[in-house]
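Let me begin by presenting the structure, written as structure tokens, before commenting on it.
There are 2 protein chains.
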Amino acid sequence: MAVTIADVARHAGVSRSTVSYVLSGNRTISPETIKRVERSIAALGFRPHAGARSIRTRRTGVIAMALPMVHGPHNQVQMPYVWAALTAAQECGLKVLMLTDDDGEAAIRDVVSGAYADGVMLMEVQRRDPRIALLTGLDSPAVLVGTPDDPRGLPRVDFDFALAARTCAEHLHELGHTAVGYLGQPPEAFAKDVAYAVHARQSVLAALADRGQRGVWAPCEPTPGGVVRALDDLLARDPGLSALIVYNERILPLVLDRLAGLGARVPDDFSVIAICPDDEAERCDPPLTSVSLPAEALARAAVRSLARRIEGEELPAAALLAPELKIRASTGPRRRPGPPGTTR
Amino acid sequence: MAVTIADVARHAGVSRSTVSYVLSGNRTISPETIKRVERSIAALGFRPHAGARSIRTRRTGVIAMALPMVHGPHNQVQMPYVWAALTAAQECGLKVLMLTDDDGEAAIRDVVSGAYADGVMLMEVQRRDPRIALLTGLDSPAVLVGTPDDPRGLPRVDFDFALAARTCAEHLHELGHTAVGYLGQPPEAFAKDVAYAVHARQSVLAALADRGQRGVWAPCEPTPGGVVRALDDLLARDPGLSALIVYNERILPLVLDRLAGLGARVPDDFSVIAICPDDEAERCDPPLTSVSLPAEALARAAVRSLARRIEGEELPAAALLAPELKIRASTGPRRRPGPPGTTR
DNA sequence: CCGATGTGTCGAATCGATTCGACAGCGGAC
DNA sequence: GTCCGCTGTCGAATCGATTCGACACATCGG
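Protein chains in written order, with the numbering used here: chain A, -13 to 330; chain B, -13 to 330.
Next comes the structure, spelled out in structure tokens:
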């Protein structure tokens, strides 16, 4: 049924090996022969059989992307990473096999030792991630996306949360804010010890403390009620709060709503910095000053690293991506506390 | 490096073919031999090389999932489908190769004629989808998820939008609503002729007309301003509106906010039905009466169908999934029009 | 006791590609 | 004119599995 290299060879009047050398360029072939073979390939629509090829070359041209199921099936945050990874992989000439881990780690082992893929990208690595031990055991090329407590020598790629936090703290510090609230992911993310949630919170609180700013934090459910409770909680614990750092895309409009409901104008009475993708920040009213975590860049870096690792290169232990501060309309100088402004 | 079937055979003291027959069960093997071979397999950690296997069996155990880039890279809606498909595939013993189509259709052709995958699931099929002609040309097993104008004989799976629309219209009809507004996806979805957006709108308007109800519709951006404009537009075109059907997950809370802002209580002054996943409907305040589109079921049906198609079965031309009406707190009988209720 | 009938196992061919070693032809140096 | 070296091509071995045909051996009925 399918066209094989033998069909091409016959059609072009050369041997199979010649066709193969035209394909790989591993030996010099005369220009006329190349042309003839290429014409035959095009005429017959030949594509080398990936399986057959992989058995000699020990390369499949496929990488596996292992998504953990940390937020339940309705996780909304991962798609941009997936997209970016697919695009980056395509640019590197790689295809992507997607894995979930609801079946334990069996899928990863299958894919690696069954030679379905040349390497693995572990997405959203957790602080103590059982997949790490598995991968070091399989000694397959691998890249971690996220920061575990112990990377076991595997190269990792992540956002630079420490720098992001310092950037936020610094910006608010310059504007004169001395008491800052931090709204993070839903409580279950912290309960499950989700790595980026914990790292971001730690980094923010540490950065604030470094500059002598007061900091209080709360997790936040992505519901109107959850936002009300979380904000009330923060304000009760520090009534002098004049700024907020929010790392939770889904609650941004709700937070602005609630602040308006409390009679606080943004940025006149209250400054807000979001840690989120740019388009989410721009979509809000007013557009939010934000520190953007470049998901595309992260996924791209991970794919590129893995590609290089597969080629045999040694990689640096960690590659951290710098966040970017974009000042928009939601941050301003701290006003002396006075009567709350009028609601608009 | 890797363990091959020859290693297992040597370790177990049998021939390679015997090991293979133990693996496939294609010939009777004595229980003792089976036990010995299985022990060797476990001891050596042997997994058959997928590529080598695929060249004889003409099966890879992989399916391709082709996601179109219809909403830009920040599409938030597809993840549940992806999850569900991955899970369903795992249950069927299949792995999933993900494709995007930003590279044209080359990726699909590569994967199919390069024998990377046994079949293709086309996600979010558009009304005139160029991938369809490509696939019929490649004659590879395929399943369409969505409804194109011309399926070209390919089996498809989709939500039953007509039934969903009738269900909504009927429910509102019984409650006495005679003028109903429909809020759909953002304008660009209609501009690009995105199939489900167009089909849902057509179905709703037709179902309303069938029951003698008035219907007006508008697309809607997922921003506060967009919701305000869309609602104002609907109310300007039919001031007698007493109910709303919303098919756009992201705007649900914003719509409720805006209605409250207009002084309309839900459901006393205004009924709202959402077409959305259950958890989104429950998350709102008040919880929304909804017609749920079971994304998991859709993806599962698609994967199962493809698996059967790969096994050689003929499939029905279309499999439509029935939606489910869940009555919650956002729909109620139509009141005589009077002075707007007090805001809460 | 002998031939027919199964059982269980093996050797060898096969799938579709890559790659090593060999070799034919050809031009240039001596 | 002969020999050397280079270029371009080919045949055959190889990768890791599956599967066909054959065969050794045990079992059973007549």
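All C-beta atoms in this analysis are idealised placements derived from N, C-alpha and C, irrespective of residue type, glycine included.
(message) Suppose contacts are defined by Cβ-Cβ distances below 7 Å. Is A/G105 in contact with A/L230 by that definition?
(response) Position 119 of the first sequence holds residue 105 of chain A. Position 244 of the first sequence holds residue 230 of chain A. No, the Cβ-Cβ distance between A/G105 and A/L230 is not below 7 Å.
(request) From the DSSP output, in three-state form, read off A/A(-5) for me. (result) By 1-based counting over the first sequence, the position of residue -5 of chain A is 9. Reduced to three states, the DSSP call for A/A(-5) is helix.
(request) Could you please give me the residues that DSSP links to B/W203 through a beta bridge? (result) As a position in the second sequence, residue 203 of chain B is number 217, starting the count at 1. Paired residue(s): B/Y168.
(message) Given this structure, state the Cα-to-Cα distance separating B/V214 from B/R244, to the nearest angstrom.
(response) Your numbering for residue 214 of chain B matches position 228 in the second sequence. Your numbering for residue 244 of chain B matches position 258 in the second sequence. Their backbone Cα atoms lie some 7 Å apart in a straight line.
(message) I need the DSSP call for B/D144, collapsed to helix, strand or coil.
(response) Taking the second sequence and counting its residues from 1, one reaches residue 144 of chain B at position 158. Correct three-state label for B/D144: strand.
(request) Could you check which residue in B/R45, B/F176, B/D271, B/T317 has the C-alpha nearest to that of B/E297? (result) In the second sequence, counting from the first residue as 1, residue 297 of chain B sits at position 311. Answer by Cα proximity: B/R45.
(request) Mind listing the chain B neighbours of A/Y102? Cutoff is C-beta to C-beta under 8 Å, in chain order. (result) As a first step, residue 102 of chain A must be located in the first sequence, where it is residue number 116. Going along chain B in sequence order, the residues near A/Y102 (Cβ under 8 Å) are A36, V48, K81.
(message) Within 7 Å of any Cβ in chain A, is that where the Cβ of B/R269 sits?
(response) By one-based count along the second sequence, residue 269 of chain B stands at place 283. So, interface residue.
(request) Run through the stretch 92 to 129 of chain A for me and flag every whole beta strand (DSSP E) of 3 or more residues, listed as ranges in chain order. (result) 105 to 108
(request) Using alpha carbons as the reference points, say which of A/I237, A/R200, A/I261 lies closest to A/S278. (result) For the purposes of this step, residue 278 of chain A is taken as residue 292 along the first sequence, with counting starting at 1. Ranking A/I237, A/R200, A/I261 by Cα distance to A/S278 puts A/I261 first.
(message) Quick check: the stretch 222 to 236 of chain B against the stretch 162 to 177 of chain B, are at least 3 beta-carbon pairs closer than 8 Å?
(response) yes
(request) Grab the span of the beta strand (DSSP E) containing B/L220 for me, first residue to last. (result) In the second sequence, residue 220 of chain B corresponds to position 234, counting from 1. Note, B/L220: premise wrong, no beta strand (DSSP E); alpha helix (DSSP H) at 210 to 223.
(message) Between B/I(-9) and chain A, is the shortest Cβ-Cβ distance under 7 Å, so that the two count as touching?
(response) The count along the second sequence starts at 1 and reaches residue -9 of chain B at position 5. With 7 Å as the cut-off, B/I(-9) does not count as an interface residue toward chain A.
(request) Taking A/L217 as the reference, give the member of A/L194, A/L248, A/A195 with the closest Cα. (result) Within the first sequence, numbered from 1, the residue matching residue 217 of chain A stands at position 231. Answer by Cα proximity: A/L248.
(message) Going by C-alpha to C-alpha distance, which of B/Y7, B/S189, B/G139 sits closest to B/F145?
(response) For the purposes of this step, residue 145 of chain B is identified with residue 159 of the second sequence, where counting begins at 1. Closest by alpha carbon: B/S189.
(request) Can you say whether A/N12 is buried or exposed, counting buried as having 16 or more other CB atoms within 10 angstroms of its CB? (result) Within the first sequence, residue 12 of chain A is the residue found at index 26, counting from 1. With fewer than 16 Cβ atoms within 10 Å of its Cβ, A/N12 is classed as exposed.
(message) 7 Å is my cut-off, CB to CB: does A/P273 come that close to chain B?
(response) Working through the first sequence from its first residue, we reach residue 273 of chain A at position 287. Answer no: the Cβ-Cβ gap between A/P273 and chain B never drops below 7 Å.
(request) Look at B/R314 and B/L284 and say whether their C-beta atoms are less than 7 Å apart. (result) In the second sequence, the residue the question calls residue 314 of chain B occupies position 328. In the second sequence, the residue the question calls residue 284 of chain B occupies position 298. Not in contact: B/R314 and B/L284 (Cβ atoms no closer than 7 Å).
(message) Taking the straight line between their C-alpha atoms, what separation do you get for A/R187 and B/R269?
(response) For this step, residue 187 of chain A is matched to residue 201 along the first sequence. For this step, residue 269 of chain B is matched to residue 283 along the second sequence. Those two C-alpha atoms are separated by around 26 Å.
(request) Give the straight-line distance between the Cα atoms of A/A(-5) and B/R95, rounded to the nearest whole angstrom. (result) Here residue -5 of chain A corresponds to residue number 9 of the first sequence, with the count starting at 1. Here residue 95 of chain B corresponds to residue number 109 of the second sequence, with the count starting at 1. Answer to the nearest angstrom: the Cα atoms are 22 Å apart.
(request) Tell me where the alpha helix (DSSP H) around B/E24 begins and ends. (result) The residue given as residue 24 of chain B occupies position 38 in the second sequence. Taken as a continuous stretch (DSSP letters only), the alpha helix (DSSP H) holding B/E24 covers 17 to 30.
(request) Under 6 Å Cβ to Cβ from A/S316, same chain only, skipping five residues before and after it: list those, please. (result) Numbered from its first residue, the first sequence carries residue 316 of chain A at position 330. Cβ neighbours of A/S316 beyond the five flanking positions: V252, P253, V258, P272, L274, T275.
(message) Helix, strand or coil, according to DSSP, for B/L376 in the structure here?
(response) Here chain B has residues from -13 to 330 only, and residue 376 of chain B is not among them.
(message) For A/Q199 and A/H159, I'd like the C-alpha separation in whole angstroms.
(response) Numbered from its first residue, the first sequence carries residue 199 of chain A at position 213. Numbered from its first residue, the first sequence carries residue 159 of chain A at position 173. Cα to Cα, the separation comes out at about 8 Å.
(message) Among the candidates A/D255, A/K312, A/R223, A/S6, whose CA atom is the shortest distance from the CA of A/R42?
(response) Reading the first sequence from its first residue, position 56 is the one you call residue 42 of chain A. Selected option, being the one with the closest Cα: A/S6.
(message) Between B/A186 and the ligand PLP, is there a pair consisting of the residue's CB and a ligand heavy atom that are separated by less than 6 Å?
(response) The ligand PLP is not among the ligands present in this structure, which contains no ligands whatsoever.
(message) Taking the alpha-carbon of B/E91 as reference, which of A/L221, A/Q76, A/A103 has the nearest alpha-carbon?
(response) Within the second sequence, the letter at position 105 stands for residue 91 of chain B. Of A/L221, A/Q76, A/A103, the residue nearest in Cα terms is A/Q76.
(message) Restricting to Cα atoms, I'd like to know which of A/C78, A/P17, A/I27, A/A71 is closest to A/G47.
(response) As a working note, residue 47 of chain A is residue 61 in the first sequence. The shortest C-alpha separation from A/G47 is found at A/C78.
(message) Does the CB of B/Q64 have a neighbour CB from chain A at under 7 Å?
(response) Position 78 of the second sequence, counted from the start, is the residue given in the question as residue 64 of chain B. True, the Cβ-Cβ gap to chain A drops below 7 Å.
(request) Could I get the ranges of all uninterrupted beta strand (DSSP E) runs contained in the stretch 33 to 73 of chain A, with 3 residues as the minimum, in chain order? (result) 48 to 53
(message) Quick check: what's the CA-CA separation for A/V(-11) versus B/S99?
(response) The residue you call residue -11 of chain A lines up with position 3 of the first sequence. The residue you call residue 99 of chain B lines up with position 113 of the second sequence. C-alpha separation (whole angstroms): 9 Å.
(message) Using only the alpha-carbon positions, how far apart do A/D73 and B/T86 sit?
(response) Mapped onto the first sequence, residue 73 of chain A falls at position 87. Mapped onto the second sequence, residue 86 of chain B falls at position 100. What sits at residue 73 of chain A in the sequence shown is Thr, not Asp. Looking at the two C-alpha atoms, the distance is approximately 7 Å.
(request) Spell out the partners DSSP gives A/I237 in its beta bridges. (result) Numbered from its first residue, the first sequence carries residue 237 of chain A at position 251. Answer by DSSP bridge pairing: none, since A/I237 is not bridged.
(message) For A/R321, tell me which candidate among A/P34, A/L191, A/L240, A/L161 has the shortest Cα-Cα distance.
(response) In the first sequence, residue 321 of chain A corresponds to position 335, counting from 1. With distances taken between Cα atoms, A/R321 lies closest to A/L161.
(request) Could you have a look at B/I313 and say whether DSSP puts it in helix, strand or coil? (result) In the second sequence, the residue the question calls residue 313 of chain B occupies position 327. DSSP places B/I313 in coil when its eight states are reduced to three.
(request) Taking 7 Å as the cut-off, decide whether the C-beta atoms of A/V202 and A/L220 are in contact. (result) Within the first sequence, numbered from 1, the residue matching residue 202 of chain A stands at position 216. Within the first sequence, numbered from 1, the residue matching residue 220 of chain A stands at position 234. Cβ atoms of A/V202 and A/L220: closer than 7 Å.
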